[in-house]
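Here is the structure we will look at, set down as structure tokens.
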């Protein structure tokens, strides 16, 4: 799974962002999450992050938005 770039962020429509979140949640529910190289994502987001969505979620530590929507580092802003 590739890290979201500035160009990607600019081109993603609200409907596409919602679709990415829905598909990610379906992968989570089915326990078919993407296998990501987190070290690579850390390096790719070192100079900036370009999230495609902002998630307002509860403070419960058992429900991190990145996990339940199967998103990688820098893909979403999560407000708890």
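In my numbering, the protein residues as written are 667 to 746. Heads up, the beta-carbon is just placed ideally off N, CA and C, and yes, glycines get one too.
Buried versus exposed, by CB contacts within 10 Å (16 or more), residue i
i           : result
residue 735 : buried
residue 714 : exposed
residue 704 : exposed
Beta-carbon proximity check, residue i vs residue j, cutoff 8 Å
i           : j           : result
residue 669 : residue 711 : yes
residue 708 : residue 739 : yes
Cross-strand partners of residue i (DSSP beta bridge)
i           : result
residue 719 : 742
Whole-angstrom C-beta distance between residue j and residue i, which should lie under 8 Å
i           : j           : result
residue 717 : residue 742 : 5 Å
residue 699 : residue 693 : 5 Å
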